[in-house]
């Protein structure tokens, strides 16, 4: 059983019969975190993979444990935010396809993962408000602010007492997240991001994602175990 994402037919659960057999023509073409062209026969309950040809193997995601963990997180995140059978997901497909390639090949795969989170939240309707206070609606000033998971955005210091337990968000973290919202990946990729800034952006985004989904993603714990083992 495979879960696949397609640009025109959304997320689908399909069967790849006999794929584990050494003699199968599909073996090696239906690996995790790859792009493949498939011929699928529509069945009563599940589609049946008749043919498969891998077009982007992303070998690094299987050879490098950290990059593989990041890929698993992006796949789980997309899976939780989408329903099987949704049609016309071309933008999500393009984002996932680009992100897997970036995590596999870029020098800073963690940045590719953060950019994915910001863009995914936009596409699924949970874009965080980073330009104005979600309580008073005044423009956010260039200083340290607070972020409310429940209200989905920045709360300025003067309105901190009117939200539900906002957390601090330093000015540099806010600037980075804003830049990700409005800029192409090529512009974001040109930045030099310190480990502490990476850590803080992760704190804000993971907190918000977990609140929206009302659950903690399993892949987050795996990523942290991988980091701790290094």
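Numbering (this note's numbering), first residue to last: 105 to 334. For each residue, glycine too, the CB sits at the ideal point set by N, CA and C.
Here DSSP, grouped into helix, strand and coil, assigns residue 261 to helix. For residue 160, the beta-bridge partners assigned by DSSP are 139.
Nearest Cα to residue 120 within the set 114, 152, 148 and 143: 152.
Collapsing the DSSP output to three states places residue 323 in a helix. Taking residue 292 as reference, the option from 300, 302, 280 and 299 with the minimal CA-CA separation is 280. The distance from the Cβ of residue 160 to that of residue 138 is about 6 Å, consistent with a contact at the 8 Å cut-off. Beta bridge pairing from DSSP links residue 272 with 250. Under the Cβ criterion (8 Å, minimum of three pairs), the segment 225 to 237 does not count as touching the segment 203 to 216. Separation of the CB atoms of residue 116 and residue 186 is rounded to 11 Å, and the pair is thereby denied contact status at 8 Å. For residue 109, no alpha helix (DSSP H) segment is defined; the enclosing uninterrupted segment is the beta strand (DSSP E) at 106 to 110.
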